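Engineer: One structure, pasted below without further comment.
Protein chains: 2
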Amino acid sequence: MHLSHPALRQPVTAADRVLQEIQRAIVEGDIAAGSKISEPELARRFDLSRAPLREALARLERCHLIERIPNAGARVVKLSTTGLLALYQLRENLEGLACKLAAEHMTDAEITEVRQLLDQHLASQRVREGESYYQEAGDLDFHYRVILGSKNSYLINILCDELYYLVRMYRVQLGMNGPRVSRAFDEHKAIINAIANRDGELADLLMRRHIAASRRNIELQLEQTGT
Amino acid sequence: MHLSHPALRQPVTAADRVLQEIQRAIVEGDIAAGSKISEPELARRFDLSRAPLREALARLERCHLIERIPNAGARVVKLSTTGLLALYQLRENLEGLACKLAAEHMTDAEITEVRQLLDQHLASQRVREGESYYQEAGDLDFHYRVILGSKNSYLINILCDELYYLVRMYRVQLGMNGPRVSRAFDEHKAIINAIANRDGELADLLMRRHIAASRRNIELQLEQTGT
DNA sequence: CACGCTAAAATTGTCGACAATATACGCCTA
DNA sequence: TAGGCGTATATTGTCGACAATTTTAGCGTG
Numbered sequence: 041m042h043l044s045h046p047a048l049r050q051p052v053t054a055a056d057r058v059l060q061e062i063q064r065a066i067v068e069g070d071i072a073a074g075s076k077i078s079e080p081e082l083a084r085r086f087d088l089s090r091a092p093l094r095e096a097l098a099r100l101e102r103c104h105l106i107e108r109i110p111n112a113g114a115r116v117v118k119l120s121t122t123g124l125l126a127l128y129q130l131r132e133n134l135e136g137l138a139c140k141l142a143a144e145h146m147t148d149a150e151i152t153e154v155r156q157l158l159d160q161h162l163a164s165q166r167v168r169e170g171e172s173y174y175q176e177a178g179d180l181d182f183h184y185r186v187i188l189g190s191k192n193s194y195l196i197n198i199l200c201d202e203l204y205y206l207v208r209m210y211r212v213q214l215g216m217n218g219p220r221v222s223r224a225f226d227e228h229k230a231i232i233n234a235i236a237n238r239d240g241e242l243a244d245l246l247m248r249r250h251i252a253a254s255r256r257n258i259e260l261q262l263e264q265t266g267t
Numbered sequence: 041m042h043l044s045h046p047a048l049r050q051p052v053t054a055a056d057r058v059l060q061e062i063q064r065a066i067v068e069g070d071i072a073a074g075s076k077i078s079e080p081e082l083a084r085r086f087d088l089s090r091a092p093l094r095e096a097l098a099r100l101e102r103c104h105l106i107e108r109i110p111n112a113g114a115r116v117v118k119l120s121t122t123g124l125l126a127l128y129q130l131r132e133n134l135e136g137l138a139c140k141l142a143a144e145h146m147t148d149a150e151i152t153e154v155r156q157l158l159d160q161h162l163a164s165q166r167v168r169e170g171e172s173y174y175q176e177a178g179d180l181d182f183h184y185r186v187i188l189g190s191k192n193s194y195l196i197n198i199l200c201d202e203l204y205y206l207v208r209m210y211r212v213q214l215g216m217n218g219p220r221v222s223r224a225f226d227e228h229k230a231i232i233n234a235i236a237n238r239d240g241e242l243a244d245l246l247m248r249r250h251i252a253a254s255r256r257n258i259e260l261q262l263e264q265t266g267t
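Chains as they are written, first to last, in our numbering: chain A, 41 to 267; chain B, 41 to 267.
In structure tokens, the structure reads:
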């Protein structure tokens, strides 16, 4: 049971590289949601054989970005309100647990690092008010740290490797530039404070609320865009 | 988002078949925990080429039965106390959530089915008192039903496809024939009652306790066997 | 014109061989 | 004899081609 997970590992094999490229393409909508995946086409596009490509597809299925049917091929996942709800329902619970465990297992040094990270975000955010991309990356970065702080490898694997690409996909393809930017920082602060105080129960609660608020925000976006 | 998951699907491809065979072999200790996986050897043993075998290995990694290192090969996972703890920590939370959602989403018909299932277990268990295998299968069956009842595809996928083979592996390789057999039935009854009453909060609590008790039981087994 | 059947095309699944990388062995040196 | 280096071996990663299956297109029939 090792704690550093593959997502942070830089690609060493051709399958790793093409995985990252396709992941990015799907998350950012470069390959349209719901569209069919053609192995021969992708193989040509990325200039490699089908063997490493299929390896990559297997991992894409693992993080729920594509759905495969035997002998019939793969499709990029479709975004839906029910899917979003199910995903965030899970996140609320899992990241709440992660917070509780982080309050038990994070070292003081790690907590200090996260606080420095938040200070950085605050500074850079004041400068480029409203640029959602940095906010988003920063938010994910914060969540990553806390999740890793749980020191539970299964939990880390599920959240960082299997669910987060899909979370990003929903965020990116739904815009995510609302007025929530500034409030999120305060919520992050409160969470890391609870963790620093070793108050797992509170950290759990605050994280659940934080994610619930984030979910409502995206749902609003969804309604406005018109499903 | 479809609710019936691959685990219940019968194998259609060669990779599917060999996956199931290797899964069983690892879970039951036929392939020793911690041992190295040799692709050429397994390919000969199951009489197929390395392509479908590697597909199977990718899925074995997904359900945490093996660990792969690029260019260096795969090893069967090692069982450990910390691993068991991390796994059950997650199960407590996730299956608790599953219960809460099941209380909201299960149909009356589905609840009736689960109750019939429990009656069957009780009858057959009275007959073959103490035979742990059936008990284990029955227990897992109950948990499966509840999890499916949550109607959350991500939750179902994580519990049934990714974590449960490992749970079974711990159970099988640690014996699991303790005196807990009879108490589990009562706990199952209480859980389905809570779900039937649409009391999600109570169902959540009871399931967490049920799994915590199960964990303590296995930990005891571990200590006795001598890690 | 719609429907079902048949045949052709395309796609996925599997195979055996080659290339790149890691492991194991033997040798040399201190 | 212990330790490090270089080669030999074995294993994993990748490739191109073939087999099996599905999808598509065309045809005939009701």
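Glycine included, each C-beta is placed from N, C-alpha and C at the ideal position.
Predicted model only: the values in this text are computed from it and were never measured.
1) Rounded to whole angstroms, what is the Cα-Cα separation between L245 (chain A) and D226 (chain A)?
2) Among A:S222, A:A142, A:F86 and A:I106, whose alpha-carbon lies nearest the alpha-carbon of V186 (chain A)?
3) Using a C-beta to C-beta distance shorter than 9 Å, which residues of chain A count as neighbours of R248 (chain B)?
4) Mind checking which residues open and close the alpha helix (DSSP H) that includes G136 (chain B)?
5) Indicate the three-state DSSP secondary structure (helix, strand or coil) for G113 (chain A) in the structure shown.
6) In the DSSP assignment, what residue or residues form a beta bridge with I106 (chain A)?
7) Please report the residue range of the alpha helix (DSSP H) in which R238 (chain B) lies.
8) Please list, in chain order, all residues of the same chain as L242 (chain A) whose beta carbon is under 6 Å from its beta carbon, the five residues on each side excluded.
9) Compare the beta carbon distance of A114 (chain A) and L97 (chain A) with 7 Å and say whether it is the shorter of the two.
10) What is the residue span of the alpha helix (DSSP H) that I62 (chain A) lies within?
11) In the region 199 to 212 of chain B, which residues sit with their C-beta less than 9 Å from some C-beta in chain A, listed in chain order?
12) Tell me where the alpha helix (DSSP H) around S193 (chain B) begins and ends.
13) With DSSP as the reference, label I71 (chain A) as helix, strand or coil.
14) Kindly list, in the order they appear in chain A, the residues whose Cβ is closer than 7 Å to that of Q129 (chain B).
15) Counting only beta-carbon separations shorter than 7 Å, does N133 (chain B) have a partner in chain A?
16) With a threshold of 16 other CB atoms inside 10 Å of the CB of I109 (chain B), please say whether the residue is buried or exposed.
17) Find the residues of chain B that neighbour P80 (chain A), judging by a C-beta separation of less than 9 Å, and give them in chain order.
18) Since L130 (chain A) contacts L195 (chain A) with CB under 8 Å, what's their CB separation in whole angstroms?
19) Between the alpha carbons of N257 (chain A) and A138 (chain A), how many angstroms are there, rounded?
20) Less than 7 Å between the beta carbons of V117 (chain B) and E101 (chain B), yes or no?
21) Could you check if D70 (chain B) is buried or exposed, using at least 16 other CB atoms within 10 Å of its CB as the buried criterion?
22) For the region 64 to 95 of chain B, list every residue whose C-beta sits within 8 Å of some C-beta in chain A, in sequence order.
23) Identify the residues that DSSP records as bridge partners of K229 (chain A): which are they?
24) Are A73 (chain A) and L124 (chain A) touching if we call contact CB-CB under 7 Å?
25) Check for me: the alpha helix (DSSP H) holding A81 (chain B) runs from which residue to which?
26) Which bits of chain B does E233 (chain A) rub up against, with CB to CB less than 9 Å?
27) Taking the CB atoms as reference points, tell me whether E176 (chain A) and I251 (chain A) lie closer together than 7 Å.
28) Leaving aside the five residues before and after E68 (chain A) along the sequence, list all residues of the same chain whose C-beta is less than 6 Å from its C-beta, in chain order.
29) Counting only beta-carbon atoms, is A114 (chain A) nearer than 7 Å to chain B?
30) Tell me, to the nearest whole angstrom, how far the beta carbon of L180 (chain A) is from that of R208 (chain A); I am working on the premise that it is less than 8 Å.
31) Leaving aside the five residues before and after M247 (chain A) along the sequence, list all residues of the same chain whose C-beta is less than 6 Å from its C-beta, in chain order.
32) Within 10 angstroms of its Cβ, does E79 (chain A) collect 16 or more other Cβ (buried), or is it exposed?
33) Under 7 Å, do F86 (chain B) and V52 (chain B) count as touching if we go by C-beta distance?
34) Give me the Cβ distance between Q160 (chain B) and G215 (chain B), rounded to the nearest whole Å; I'm assuming they're in contact under 8 Å.
35) Using 7 Å as the threshold, is the C-beta distance between H228 (chain A) and F182 (chain A) below it?
36) Only counting the same chain, and skipping five residues up and downstream in sequence, which positions put a Cβ closer than 8 Å to that of L88 (chain B)?
Structural biologist: To lay it out plainly:
1) 15 Å
2) A:A142
3) Those do not exist, as R248 (chain B) stays about 11 Å from chain A at its closest Cβ, beyond 9 Å.
4) T121 to H145
5) strand
6) A:V116
7) Careful: R238 (chain B) lies outside any alpha helix (DSSP H) and carries neither H nor E.
8) A234
9) yes
10) A54 to V67
11) E202, L203 and L206
12) S193 to I196
13) coil
14) N192
15) yes
16) Exposed, since its Cβ has fewer than 16 Cβ neighbours within 10 Å.
17) Ordered by position in chain B, no residue passes the 9 Å Cβ test against P80 (chain A), which lies about 16 Å from the chain.
18) At roughly 12 Å, the Cβ-Cβ gap does not stay under 8 Å, so L130 (chain A) and L195 (chain A) are not in contact.
19) 22 Å
20) no
21) exposed
22) A91, R94 and E95
23) DSSP, once it has assigned bridges, lists no residue as partnering K229 (chain A).
24) no
25) A small correction: the amino acid at residue 81 (chain B) is Glu; Ala does not occupy that position in the sequence shown. From DSSP, the alpha helix (DSSP H) with E81 (chain B) extends over E79 to F86.
26) Correcting the residue identity first, residue 233 (chain A) is Asn in this sequence and not Glu. Those do not exist, as N233 (chain A) stays about 23 Å from chain B at its closest Cβ, beyond 9 Å.
27) When the beta-carbon positions are compared, E176 (chain A) and I251 (chain A) stay at least 7 Å from each other.
28) V212
29) no
30) 7 Å
31) E135, G136, C139 and I231
32) Classification of E79 (chain A): exposed, given that the 10 Å Cβ count is below 16.
33) no
34) Contact doesn't hold; Cβ gap of about 25 Å is too wide.
35) yes
36) A54 and V58
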